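Undergrad: Going by this note's numbering, the first residue of the sequence shown is number 13, and it counts up by one from there. Cβ atoms here follow ideal geometry from the backbone N, Cα and C, with glycine treated the same way. Predicted, not measured: the structure shown is a model, and the values here were computed from it. This is the structure I have questions about; it appears just below.
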Amino acid sequence: MDRCFADLERAGKKALCVYLCVGDPSLDESVALALAALDAGADMLELGVPFSDPTADGPVLAQASRRAIASGSTIERVVDAARDIRRQTNAPLVLFTYYNPVFVVGEARVASLAKDAGIDAMLVVDLPPEEASGLRNACAARGMGLLPLVTPTSDAARMEAILRLSVAPFGAPRGFVYAVSMTGVTGSSAADVAAMGRSAETIRAMFGMPVLVGFGIDGGESARGAAGPRGAGPDGVVVGTAVARRIEQGVSQDERVRLVRTFVQELRQALDA
Numbered sequence: 013m014d015r016c017f018a019d020l021e022r023a024g025k026k027a028l029c030v031y032l033c034v035g036d037p038s039l040d041e042s043v044a045l046a047l048a049a050l051d052a053g054a055d056m057l058e059l060g061v062p063f064s065d066p067t068a069d070g071p072v073l074a075q076a077s078r079r080a081i082a083s084g085s086t087i088e089r090v091v092d093a094a095r096d097i098r099r100q101t102n103a104p105l106v107l108f109t110y111y112n113p114v115f116v117v118g119e120a121r122v123a124s125l126a127k128d129a130g131i132d133a134m135l136v137v138d139l140p141p142e143e144a145s146g147l148r149n150a151c152a153a154r155g156m157g158l159l160p161l162v163t164p165t166s167d168a169a170r171m172e173a174i175l176r177l178s179v180a181p182f183g184a185p186r187g188f189v190y191a192v193s194m195t196g197v198t199g200s201s202a203a204d205v206a207a208m209g210r211s212a213e214t215i216r217a218m219f220g221m222p223v224l225v226g227f228g229i230d231g232g233e234s235a236r237g238a239a240g241p242r243g244a245g246p247d248g249v250v251v252g253t254a255v256a257r258r259i260e261q262g263v264s265q266d267e268r269v270r271l272v273r274t275f276v277q278e279l280r281q282a283l284d285a
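Put into structure tokens, the structure is as follows:
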């Protein structure tokens, strides 16, 4: 992952990270959708573990979680899908989850399964950094990162605490800071992504890590607005809800793959313009 960001910086490009709720509509199809997204221009993937009480997610991703759970998706099966994806790409893979599935399976076991599958880092959206030392150390022992997350309500004192508590053990990959663009849930339309883009420079300077902005990016225009000009603003964007909408709209696997591919191409072109 660190090498990917270095390559993007040398190329003067912003990172495009695509989130997929794995298992929506099926585990096998999630692999096909992931590969289509990468082929269309995504630089990295967040592979989402479906959860029955996804408090950070809006209705589109909550519904995607329900479909994925109904299809039999679990954290172990998401990791299996990641292994299939890893066999076909070197792109960075992030396991995106709430803490409950990790707690049920066990921190050390999840870290081992993820590492064996080729996952580079984990992002646990509801795990406070004060409670994350066990999982962070388990990830670091296996050469993975545990990504920090900041929000618009993270004031200077809170960001200093997140920084202090999120320092990766020596030698562990650093990854990126996930900067949430709004105080609402994913997919809300009121995000001031441009403002979050500007504050991303402060976050990057503080953490010394790349910053990706997520929540509220629904197309090429908002992706470009959030990413800002080359050499300024965040290092890239994360897009999830808008991708899930394309998956929801498709009536067949071929159509869903086509819709996701076309949308990711639109995002890529906007970021590179």
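(1) Taking only the alpha-carbon atoms, compute the straight-line gap between P241 and G248 and give it to the nearest angstrom.
(2) Report buried or exposed for T274, applying the criterion of at least 16 other Cβ atoms within 10 angstroms of its Cβ.
(3) When DSSP builds the beta bridges, which residues end up paired with A123?
(4) If contact is defined by three or more beta carbon pairs under 8 Å, each pair taking one atom from either stretch, is the segment 106-119 in contact with the segment 161-176?
(5) Leaving out the 5 sequence neighbours to the left and right, which residues in its chain are closer than 8 Å to G157 when beta-carbon positions are compared?
(6) My assumption, with CB atoms under 8 Å, is that E142 sits in contact with L177. Please give the rounded CB distance.
(7) Determine the direct distance from the alpha carbon of R236 to that of L59, and round the result to whole angstroms.
(8) Less than 7 Å between the CB of K127 and some heavy atom of the ligand MG, yes or no?
(9) Would you grab the beta carbon distance between V137 and A93 for me? Rounded to a whole angstrom, and I think it's under 8 Å.
(10) Around the Cβ of E233, are there at least 16 other Cβ atoms within 10 angstroms (buried) or fewer (exposed)?
(11) Please tell me whether A256 and A76 are closer than 8 Å, where the distance is taken between their beta carbons.
(12) Look at the alpha carbon of G146 and the alpha carbon of V263, and state the distance between them as a whole number of angstroms.
(13) Tell me the DSSP secondary structure of M218 in three-state form.
(14) With distances taken from CA atoms, which of G243, E267 and A254 is nearest R22?
(15) Quick check on G226: does DSSP put it in helix, strand or coil?
(16) Between which two residues does the beta strand (DSSP E) carrying E58 extend?
(17) Please name the residue, chosen from A74, V30, L50 and D36, that lies closest to N102 on a Cα-to-Cα basis.
(18) Nearest to F17 by alpha carbon, out of D230, G220 and Y111?
(19) Quick check: the Cα distance between T109 and R89, rounded to an integer number of angstroms?
(20) Need the endpoints of the alpha helix (DSSP H) that F115 sits in, please.
(21) Please report the distance separating the alpha-carbon of P222 from that of V61.
(22) If you scan the segment 132-176 from start to end, which runs of the alpha helix (DSSP H) of 4 or more residues do you find wholly inside it?
(23) Does the separation of the CB atoms of I87 and V122 fall below 8 Å?
(24) If you follow the beta strand (DSSP E) that A27 is part of, which residue opens it and which one closes it?
(25) Cα separation between F63 and T163?
(26) Does DSSP classify A191 as helix, strand or coil?
TA: Reading off the structure:
(1) The C-alpha of P241 lies about 11 Å from the C-alpha of G248.
(2) Residue burial annotation: T274 is exposed, with fewer than 16 other C-beta atoms found within 10 angstroms of its C-beta.
(3) Bridge partners of A123: none, in fact.
(4) No, the segment 161-176 is not in contact with the segment 106-119.
(5) M13, D132, A133, M134, C151, A180, A184, P185, R186 and G187.
(6) Approximately 6 Å separates the beta-carbon atoms of E142 and L177; this is inside 8 Å, confirming the contact.
(7) Our two residues, L59 and R236, have alpha carbons roughly 23 Å apart in a direct line.
(8) The ligand MG is not part of this structure, which contains no ligands at all.
(9) With 8 Å as the limit, V137 and A93 do not qualify as a contact, their Cβ atoms being about 19 Å apart.
(10) E233 comes out exposed.
(11) Yes, the pair counts as a contact, with Cβ atoms nearer than the cut-off.
(12) Here the alpha carbons of V263 and G146 stand approximately 43 Å from one another.
(13) In the structure shown, M218 adopts helical secondary structure according to DSSP, grouped into three states.
(14) For the residues G243, E267 and A254, the minimum Cα distance to R22 belongs to G243.
(15) In this structure, G226 counts as strand in the three-state DSSP scheme.
(16) Residues M56 to G60.
(17) Checking every option, the nearest Cα to that of N102 belongs to L50.
(18) For F17, the nearest C-alpha among the options comes from G220.
(19) Between the alpha carbons of T109 and R89 lies a gap of roughly 13 Å.
(20) Here the alpha helix (DSSP H) through F115 covers Y111 to V117.
(21) Roughly 24 Å separates the two Cα atoms.
(22) You should have 145-153.
(23) Cβ distance < 8 Å, so I87 and V122 count as in contact.
(24) Per DSSP, A27 belongs to the beta strand (DSSP E) from A27 to C33.
(25) Computed Cα separation, rounded: 21 Å.
(26) In the structure shown, A191 falls within a strand segment according to DSSP collapsed to helix, strand and coil.
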